[in-house]
Amino acid sequence: MNILGFSTGMYGWNERYWLDYKKEASWEDIFRDCAEAGVDAVELDPSPNLVKLAKSFGLSVSSAYVGLQLHEAALDVEKDIMPVARRLSEAGGKDLVVNADPKGGWGVSLPKTEDEFKRQGDHLSQIAIAAGTLGLKVSMHNHADDKHNAEGDLRSVIEYSSPEVGLCIDTGWAYVAGYDPIEWIQKYPDRLHTFHLRNQKGRIPTEDLIDGEINMRKLIHVLKDIRYKGWLTLELWHREDNHPQRTMVEDTRISIDYLKQMIQEIE
234 MNILGFSTGM
244 YGWNERYWLD
254 YKKEASWEDI
264 FRDCAEAGVD
274 AVELDPSPNL
284 VKLAKSFGLS
294 VSSAYVGLQL
304 HEAALDVEKD
314 IMPVARRLSE
324 AGGKDLVVNA
334 DPKGGWGVSL
344 PKTEDEFKRQ
354 GDHLSQIAIA
364 AGTLGLKVSM
374 HNHADDKHNA
384 EGDLRSVIEY
394 SSPEVGLCID
404 TGWAYVAGYD
414 PIEWIQKYPD
424 RLHTFHLRNQ
434 KGRIPTEDLI
444 DGEINMRKLI
454 HVLKDIRYKG
464 WLTLELWHRE
474 DNHPQRTMVE
484 DTRISIDYLK
494 QMIQEIE
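So for the sequence shown, the working numbering puts the first residue at 234; every next one is plus one.
Quick look at the structure:
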């Protein structure tokens, strides 16, 4: 399986730093830890200063993540998306990941209507057309933690958006919403652009990819079957309720080594 490498989102690193020290981490701290953990690239809004700092630690930029109220009527693609898209293109990244933010705001998550799911699809299509001029792939990141919104968000891509719009399957959130993320991969291989990889025990994230109820070994086998060639992006999440026993550096390294082992075995 010819993947691009191993990347990581930034949220989990910031959360762990806050858990340990009750303050925000510096970008230098995060990038140093990512490099020590064996990460090849990072997912972030790649401002020139951050790109330069990341590169000083041997890290490239895989992708950028933008959260938007895609279901709402107003979307200004030039204002809300294209500045990040241009920075991503200039940094050499290829995946623009767009989150379908919850209706009502974070911590509320009201049920979206079918018209709102259709509007999401139309907005994603507009974004894909604009970002495509820069050579970027656009994918929707699933973040809903309930079946109604998770299924509707998925439908907004599969049924209501143009074929250029893909999926960034977040394995953790899919599982929390009641779905097997592996089934999504098998069902929609042509729409799969990238991942956020996290394992779960029910609604609680596990501290590494190995432990948990999602069969990561099977997931890697399925990726081989569909000839996946993108990034494997980790989104580990250490919280008070999962009582992490190791550092984020250790758990990221353990998880990457496990993925490498699985890839070697199937080859």
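C-beta atoms are modelled at their ideal positions from N, C-alpha and C, and glycine is treated no differently.
Point to revise | Same chain, Cβ closer than 7 Å to I447, neighbours up to 5 away in sequence not counted | key: Here residue 447 refers to the residue found at position 214 when the sequence shown is read from its first residue. T404, Y408, P414, N432, Q433.
Review point. For W251, is the classification buried or exposed, using 16 other Cβ atoms within 10 angstroms of its Cβ as the cut-off for buried?
Key: For this step, residue 251 is matched to residue 18 along the sequence shown. Exposed, because fewer than 16 other Cβ atoms sit within 10 Å of the Cβ of W251.
Exercise for review: Determine the DSSP secondary structure at E276, reduced to helix, strand or coil.
Suggested key: Reading the sequence shown from its first residue, position 43 is the one you call residue 276. In the displayed model, E276 falls within a strand according to three-state DSSP.
Check your understanding: Is it right to say T466 is buried, meaning 16 or more other beta carbons lie within 10 angstroms of its own, or is it exposed?
Key -> Indexing the sequence shown from 1 puts residue 466 at position 233. Answer is buried; the Cβ neighbour count reaches 16.
Practice item. Helix, strand or coil for Y412, going by three-state DSSP, please let me know. Key: As a working mapping, residue 412 is identified with position 179 in the sequence shown. Note: Y412 maps to coil in three-state DSSP.
Review point. Under three-state DSSP, which class holds T439?
Key: Along the sequence shown, one-based indexing puts residue 439 at 206. Coil.
Check your understanding: Along the chain, where does the beta strand (DSSP E) that runs through L329 open and close?
Key -> Translated into positions along the sequence shown, residue 329 becomes position 96. Counting along the chain, the beta strand (DSSP E) containing L329 begins and ends at 328-333.
Check your understanding: With distances taken between CB atoms, is the gap from V317 to S295 smaller than 8 Å?
Key -> Translated into positions along the sequence shown, residue 317 becomes position 84. Translated into positions along the sequence shown, residue 295 becomes position 62. Result no, Cβ atoms of V317 and S295 do not sit closer than 8 Å.
Check your understanding: If you pair each beta-carbon of the region 324-336 with each one of the region 296-308, do three or more pairs fall below 8 Å?
Key -> yes
Check your understanding: For D262, which residues does DSSP report across the bridge?
Key -> On the sequence shown, residue 262 is found 29 positions in, with the first residue counted as 1. The partner list for D262 (beta bridge, DSSP) is empty, contrary to what the question assumes.
Review point. What does a CB cutoff of less than 6 Å around A377 pick up in its chain, not counting 5 residues either side in sequence?
Key: Here residue 377 refers to the residue found at position 144 of the sequence shown. Answer for A377: A383, D386, A410, listed in chain order.
Check your understanding: What are the boundary residues of the beta strand (DSSP E) that Y298 is part of?
Key -> As a working note, residue 298 is residue 65 in the sequence shown. Its beta strand (DSSP E) spans residues 293-301.
Practice item. Determine, using beta carbons only, whether D474 and D441 come nearer to each other than 8 Å. Key: As a position in the sequence shown, residue 474 is number 241, starting the count at 1. As a position in the sequence shown, residue 441 is number 208, starting the count at 1. No; because the gap between Cβ atoms is not below 8 Å, this pair is not in contact.
Check your understanding: What does a CB cutoff of less than 7 Å around A361 pick up in its chain, not counting 5 residues either side in sequence?
Key -> Within the sequence shown, numbered from 1, the residue matching residue 361 stands at position 128. Counting only Cβ-Cβ distances below 7 Å, and skipping sequence neighbours, we find V371, S395, E397, V398.
Check your understanding: Can you tell me the Cα-Cα spacing of L400 and S322, whole angstroms?
Key -> Taking the first residue of the sequence shown as position 1, residue 400 is located at position 167. Taking the first residue of the sequence shown as position 1, residue 322 is located at position 89. Spanning the two alpha carbons is a distance of roughly 19 Å.
Check your understanding: When you compare only the Cα positions, how much space is there between K255 and D423?
Key -> Looking up residue 255 in the sequence shown gives position 22. Looking up residue 423 in the sequence shown gives position 190. Distance between the alpha carbons of K255 and D423: 42 Å.
Exercise for review: Assign S488 to one of two classes, buried (16 or more other C-beta atoms within 10 Å of its C-beta) or exposed (fewer than that).
Suggested key: Here residue 488 corresponds to residue number 255 of the sequence shown, with the count starting at 1. With 16 or more other Cβ atoms from the protein chains shown falling within 10 Å of its own Cβ, S488 counts as buried.
Point to revise | Through-space distance from I263 to R479, alpha-carbon basis | key: By 1-based counting over the sequence shown, the position of residue 479 is 246. By 1-based counting over the sequence shown, the position of residue 263 is 30. Roughly 16 Å separates the two Cα atoms.
Practice item. Report yes if the C-beta distance between D355 and Y393 is below 8 Å; otherwise report no. Key: In the sequence shown, residue 355 corresponds to position 122, counting from 1. In the sequence shown, residue 393 corresponds to position 160, counting from 1. With a cutoff of 8 Å on beta-carbon distance, D355 and Y393 are scored as near each other.
**Study point:** DSSP-derived helix/strand/coil call for K256
**Key:** As a first step, residue 256 is located in the sequence shown; it is residue number 23 there, counting from the start. Coil, per DSSP.
Practice item. Output the boundary residues of the alpha helix (DSSP H) element that contains D386. Key: Reading the sequence shown from its first residue, position 153 is the one you call residue 386. That run of the alpha helix (DSSP H) goes 380-391.
**Study point:** With 16 other Cβ atoms within 10 Å as the buried cut-off, status of D309
**Key:** In the sequence shown, residue 309 corresponds to position 76, counting from 1. Burial call: exposed.
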